[in-house]
Amino acid sequence: MTRLLDWVEIKTAAVEQTFPVQDELSEAEIRDGISAGALRLVYQPKVDALTLDLVGAEALLRWETPDGRRLGPGAVIPVAERSDLMQSLTRAVFSMAMTQLRDWQQLGHRWKLSCNFSINDLMQPEVVADLERIISQAEAPADLVILEVSESKIAEDVASVLSALTRLRLKGFGISIDDFGTGFSSMEQLRKFPFTELKIDRAFVAGAQQKPSARAIFESSVNLAKLLGISSVAEGAEDAEDLALCRELGVDLIQGYFIAKPMPPEEFLAWALKRGH
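For the sequence shown, position 100 (counting from the first letter as 1) is numbered 100 according to the working numbering, and the numbering increases by one without interruption.
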């Protein structure tokens, strides 16, 4: 599984084949691309584990080159993080996502939209004002926005992360702890944070059928979410067996190729309408 820092993971082998090893873009290409509108977002559905009703989506980054090629985040994010471009890239992506959220709402759909942020970005002093400005300009409601942060980064500076996430939660944003099970969060630490969602890493979802240890971590994560009174999300549900196990363990929401691949906005909407949402 290819790690794309705190933004997004390429979640399945099928997606990894879609985005083979790529040369990274240069800083100049990224800077020019942000200005020229080279960013594209695709949306992967999140559905109720029992009813399969659509409740939201996760926004995932793609990049379109001048010659029409579509690149995955791995060609962009590492360069942006090594330079001064990450904040500009984050804001551009978030702005696009909020415009899409507004469009859905205007069509009568109150789907929640998850966006990935790095811990470092969320700890910037201006981040709350920036995000509030963007959602205000887009006329998008904060209560339909979920900010996903990776568990593995939280332990690096617990006090600062807690302060940043609390400020954002007070503004109405949902907060999701992503890739849960890959870090070292304790129950006591988690109780301090204003999380509204716990997203279980696909390694434990996919491995639960074959590995008792993966199933144990998966099950304990679901139970932990229940104890904390927050939603549980199983990412990487790839087949009917994964769905059955999610239901057996009491998972709230699922996301994965068994439900749908990430889709461009028009395809996502057509998929949702075809299913009666």
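Backbone N, C-alpha and C define an ideal beta-carbon position, used for all residues, glycine too. Note that the coordinates shown come from a computational prediction; the quantities given were computed from them, not determined experimentally.
Per DSSP, residue 199 is one residue of the beta strand (DSSP E) stretching across 197–200.
When only Cα atoms are considered, residue 224 and residue 253 end up about 15 Å apart.
Put simply, the backbone Cα of residue 177 is about 33 Å away from that of residue 28. The beta carbons of residue 255 and residue 241 sit no closer together than 8 Å. Residue 70 counts as exposed, since fewer than 16 other beta carbons sit within 10 angstroms of its beta carbon. Around the beta-carbon of residue 143, fewer than 16 other beta-carbon atoms lie within 10 Å, marking it exposed.
Taking a contact as a CB-CB distance under 8 Å, the pair residue 179 and residue 152 counts as one, their CB atoms being some 6 Å apart. Here DSSP, grouped into helix, strand and coil, assigns residue 259 to coil.
Relative to the Cα of residue 187, the nearest Cα in the group 227, 213, 206 and 157 belongs to 227.
Residue range 265–274 is occupied by the alpha helix (DSSP H) that includes residue 265. When C-alpha distances from residue 200 are compared across 208, 194 and 193, the shortest belongs to 208. If you draw a 10 Å sphere on the C-beta of residue 50, you find fewer than 16 other C-beta atoms in it, and that means exposed.
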